[in-house]
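Visitor:
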Amino acid sequence: MSGAALAIVVVVVFFLALYLLQRYGDLWKQQRLVLLGTLLSWYLCFLIVFILPLDVSTTIYKQCVDDSSNRTGSVAGVRHITHSEAGSLPHSSHSTTKVCVEPWSYIPDGVLPVFWRVVYWTSQFLTWLLLPFMQSYAQSGAFSMVGKIKTALIENAIYYGTYLLIFISLLIYVSAHSLWNHTWAELLTIGITAANTWGLFLLVLLLGYGLVEIPRSYWLSSSHVYLLSKTYFKAAKMATEKAAAEENLADVMDEVADVHASVRYNHFLRKCVDTILTKCPIEYQEEMGRNVESSHGEQNVLPTKRSLFNLHKKVISAVQRHRQTQVQWLILLEEAFHLEDVAKSKSSPLRRFTRSFPLAHHGWIRRFIYTPTVEWYWECVFRQGFCRLLAVVLCLLSAAVVWSECTFFSTHPVLSLFAVFIQMAEKHYNYVCIEMASFVIILFMCICVYSTVFRIRVFNYYNLVPHHQTDAYSLQFSGMLFCRLTPPLCLNFLGLIHMDSAVSHQDRIQTSYTSIMGSMHLLSFISDGFYIYYPMLVLLLCFATFYNLGSRCLNLLGLYQYIADDELASDLVDEGRELIRRDITFTRRDGKTEEEQQASLLQDYSSDDGSPNRRSAGGRYLSLSPPLKGIFDDV
1 MSGAALAIVV VVVFFLALYL LQRYGDLWKQ QRLVLLGTLL SWYLCFLIVF ILPLDVSTTI
61 YKQCVDDSSN RTGSVAGVRH ITHSEAGSLP HSSHSTTKVC VEPWSYIPDG VLPVFWRVVY
121 WTSQFLTWLL LPFMQSYAQS GAFSMVGKIK TALIENAIYY GTYLLIFISL LIYVSAHSLW
181 NHTWAELLTI GITAANTWGL FLLVLLLGYG LVEIPRSYWL SSSHVYLLSK TYFKAAKMAT
241 EKAAAEENLA DVMDEVADVH ASVRYNHFLR KCVDTILTKC PIEYQEEMGR NVESSHGEQN
301 VLPTKRSLFN LHKKVISAVQ RHRQTQVQWL ILLEEAFHLE DVAKSKSSPL RRFTRSFPLA
361 HHGWIRRFIY TPTVEWYWEC VFRQGFCRLL AVVLCLLSAA VVWSECTFFS THPVLSLFAV
421 FIQMAEKHYN YVCIEMASFV IILFMCICVY STVFRIRVFN YYNLVPHHQT DAYSLQFSGM
481 LFCRLTPPLC LNFLGLIHMD SAVSHQDRIQ TSYTSIMGSM HLLSFISDGF YIYYPMLVLL
541 LCFATFYNLG SRCLNLLGLY QYIADDELAS DLVDEGRELI RRDITFTRRD GKTEEEQQAS
601 LLQDYSSDDG SPNRRSAGGR YLSLSPPLKG IFDDV
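Quick note: the sequence shown uses UniProt numbering, first residue 1, plus one each step.
#1: Is T411 helix, strand or coil when you go by DSSP?
#2: Could you give the distance in angstroms between the alpha-carbon of G191 and the alpha-carbon of T545?
#3: Secondary structure at V11, three-state DSSP: helix, strand or coil?
#4: Can you tell which of L494, W198, E335, V342 has its C-alpha closest to the C-alpha of W378?
#5: Here's the rule I'm using: 16 or more other beta-carbon atoms within 10 Å means buried, otherwise exposed. How should L579 be labelled?
#6: Classify T470 as helix, strand or coil using the three-state DSSP reduction.
#7: Since L540 is in the alpha helix (DSSP H), which residue starts that stretch and which ends it?
#8: For a test of the three-state rule: what should DSSP assign to I60, helix, strand or coil?
#9: Determine the direct distance from the alpha carbon of L206 to that of L200, and round the result to whole angstroms.
#10: Say whether the segment 420-435 touches the segment 55-63, bearing in mind that this needs 3 or more beta-carbon pairs closer than 8 Å, one atom from each stretch.
#11: Where does W128 land, buried or exposed, given buried means 16+ other C-beta within 10 angstroms?
#12: In three-state terms, what does DSSP make of L18?
#13: Nearest to D319 by alpha carbon, out of C64, W42, Q139, S68?
#14: Just the Cα atoms here: how many angstroms apart are L21 and C483?
#15: Can you list, in chain order, the residues of its chain with a C-beta nearer than 8 Å to that of V9? Leave out the 5 residues immediately preceding and following it.
#16: Of the residues L485, I316, V273, G289, which one's Cα is nearest the Cα of L302?
#17: Which class does G630 belong to by DSSP, given the choice of helix, strand or coil?
#18: Closest to A304 by CA distance: which of A142, H322, F543, T514 is it?
#19: Here's the rule I'm using: 16 or more other beta-carbon atoms within 10 Å means buried, otherwise exposed. How should V503 be labelled?
#20: Suppose you measure from the CA of L443 to the CA of L397; what does that come to, to the nearest Å?
#21: Which of the three DSSP states is assigned to F143 in this structure?
#22: Which residues in the same chain as L16 place their Cβ atom closer than 8 Å to its Cβ, once the five residues preceding and following it in sequence are excluded?
#23: Do you know offhand how far residue 636's Cα is from E405's?
#24: If the criterion is Cβ atoms closer than 9 Å, does the pair G110 and V449 meet it?
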């Protein structure tokens, strides 16, 4: 299996990233550069999570060989056997020959260092340079490629200057404490340390929230009453956001109408106005055309090119936000209808799941596997127990992470639970157990961190919405976060299992992933201070999350979060329940058949065929993005 495991993981992870990109984005209508940048960033970060356990097992095997060769004086006294041969060995406790079992997923020397360098530096180039530039380019209001590039460079100059300032500060610190004889590798180490320090700072904040909120959310989701109340709460909030988006779009369209009427067809700015008009919904374009024909040559104040840039940017933002709220409102309606159907089906003596609005089309899975009877047993019987069992397992994992974060600096005795588990498996050469445990730990920490980003209200604009509804800006933002947070997260994991010498101060062979980071002893206040004690703050953040301190503070600021015992939340729940009932009543009074009623919930509210923001009658969500015309088209 030499190298085969690495090749298999590389291929499988690529298709996993491609599947997720298709689920959240649209491979056929969104810009090629946006899709390529997002796919590459997701793919590289997933590779780190999947390959690092193989790096851990390979390093443990190398450590075994190194210990044995040092003990016997030469490598000749070490027996190298494959994983399949290990089972046929006699179990003798008096053997004088050290037996080092080669992992089933052993990766040859020299492969992983090159692999990690390519993955790490490509991801850093994406997150610090390319993706921020592409975000600004996509949101720019300029009308030419050169103008968009210029705007993107100006907007990113602040961020690039901040990065440069941090790097220069660290460089001055190192120079003040030692003679100036730094090599290029040491300068790279300083840059890597600066990036990882920023990532660890944000990582602990997000991790502390996710470690409590994820197990609690699964426990609370076992209660149907809680889910329905929270859905009503979200419906009330979404109705407000939808109304605000519609009002904002109408105001922006009024500005466009004024500009459209003031700039005549022979004016040099007319081409810019026509570009803005193409971004407007079709119904507004038709209305503006009728108003211009009836204006009889009324003269308004002519806009400047700078004001047209700003108006263009406002139109892109307003139309995009309007489409998102419309689609999210429909998704929320379907969720509320489903939960109300669950409540009605629980009391059904037929033990069959009954829908208020039957599906227009049934796939083969629903016809033969997930039948109404199976759906009834899952939704009304087994789901509650499954969610609670999963919540207990996740709670135990969270407790283990918190304990290990607070104790991983202690090597004698070893207090980190993850380090104890890995070392026990190492003694028995149980590489499969080592790799599975490493993968589960890293995956759980990734879920806690990344899900937190999209739960916090301040990041609501950057929202990963399934059914091809995520806009290009959010896709790029998620790729940036993945690339910035994954390296420090993996370094933190290696510290938890005592395989990072900068933290554990043990004389062990380093993983190939750690070796590309270089020695952090150049910045001792970070390696011996910040990296050791800052992760302990995760305990305080867990307590704050457990008592909903963050949500209560956001409520005081007007960013309302759902808290079951909050009076304002109860009022919003009642408001949301009334909105849902009003929508159901309106749909049922429409005089349509059941399939037509379902189709009316899924139809495209906008008649702009170039900017579909709804779903077809068949239930497939359409893309937020316009049809692709060029590689540098606007988002």
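We treat Cβ as the ideally placed atom computed from N, Cα and C, and that holds for glycine.
Predicted model only: the values in this text are computed from it and were never measured.
Guide: Reading from the atomic positions:
#1: For the purposes of this step, residue 411 is taken as residue 411 along the sequence shown, with counting starting at 1. Strand.
#2: Walking along the sequence shown from the start, residue 191 turns up at place 191. Walking along the sequence shown from the start, residue 545 turns up at place 545. Cα to Cα, G191 sits roughly 33 Å from T545.
#3: Counting from 1 along the sequence shown, the entry for residue 11 is found at position 11. Note: V11 maps to helix in three-state DSSP.
#4: The sequence position of residue 378 within the sequence shown is 378, counting from 1. Nearest C-alpha to W378: V342.
#5: Indexing the sequence shown from 1 puts residue 579 at position 579. So L579 counts as buried.
#6: Taking the sequence shown and counting its residues from 1, the one referred to as residue 470 is at position 470. It is coil, neither helix nor strand.
#7: Counted from its first residue, the sequence shown places residue 540 at position 540. Taken as a continuous stretch (DSSP letters only), the alpha helix (DSSP H) holding L540 covers 537-546.
#8: The count along the sequence shown starts at 1 and reaches residue 60 at position 60. In the structure shown, I60 sits in a helix (DSSP, three-state: H, G or I).
#9: Residue mapping note: residue 200 aligns to position 200 of the sequence shown, counting from 1. Residue mapping note: residue 206 aligns to position 206 of the sequence shown, counting from 1. The alpha-carbon separation between L200 and L206 amounts to approximately 10 Å.
#10: In the pairwise beta carbon analysis, the segment 420-435 is classified as touching the segment 55-63: at least three pairs are separated by under 8 Å.
#11: By 1-based counting over the sequence shown, the position of residue 128 is 128. When all chains shown are included, W128 counts as buried.
#12: The residue labelled residue 18 in the question sits at position 18 within the sequence shown. Three-state DSSP puts L18 in a helix.
#13: Residue 319 sits at position 319 when you count from the first residue of the sequence shown. Residue identity differs from the one stated: residue 319 is Val in this sequence, not Asp. Between V319 and the set C64, W42, Q139, S68, the nearest pair of CA atoms involves Q139.
#14: Position 21 of the sequence shown, counting from 1, holds the residue named residue 21. Position 483 of the sequence shown, counting from 1, holds the residue named residue 483. Approximately 16 Å, taken between the alpha carbons.
#15: If you number the sequence shown from 1, residue 9 lands on position 9. Hits under 8 Å: L47, F50, I51, L54.
#16: The sequence position of residue 302 within the sequence shown is 302, counting from 1. That would be V273, whose Cα lies nearest to the Cα of L302.
#17: Position 630 of the sequence shown, counted from the first residue, corresponds to residue 630. The predicted position of G630 is uncertain, since its pLDDT is 41 and thus under 50; a value taken from the coordinates is nonetheless stated next. Coil at G630, not helix or strand.
#18: As a position in the sequence shown, residue 304 is number 304, starting the count at 1. The sequence shown places Thr at residue 304, not Ala. If we check each option's Cα against that of T304, A142 comes out closest.
#19: For this step, residue 503 is matched to residue 503 along the sequence shown. Buried.
#20: Residue mapping note: residue 443 aligns to position 443 of the sequence shown, counting from 1. Residue mapping note: residue 397 aligns to position 397 of the sequence shown, counting from 1. If I take the Cα positions, the gap works out to 11 Å.
#21: Here residue 143 is taken as the residue at index 143 of the sequence shown, counted from 1. Correct three-state label for F143: coil.
#22: Within the sequence shown, the letter at position 16 stands for residue 16. If we look at L16 and ignore the five residues flanking it on each side, its Cβ neighbours are F46.
#23: Limits of the chain in this structure are 1 at one end and 635 at the other, which puts residue 636 out of reach.
#24: On the sequence shown, residue 110 is found 110 positions in, with the first residue counted as 1. On the sequence shown, residue 449 is found 449 positions in, with the first residue counted as 1. For G110 and V449, no; Cβs fall outside 9 Å.
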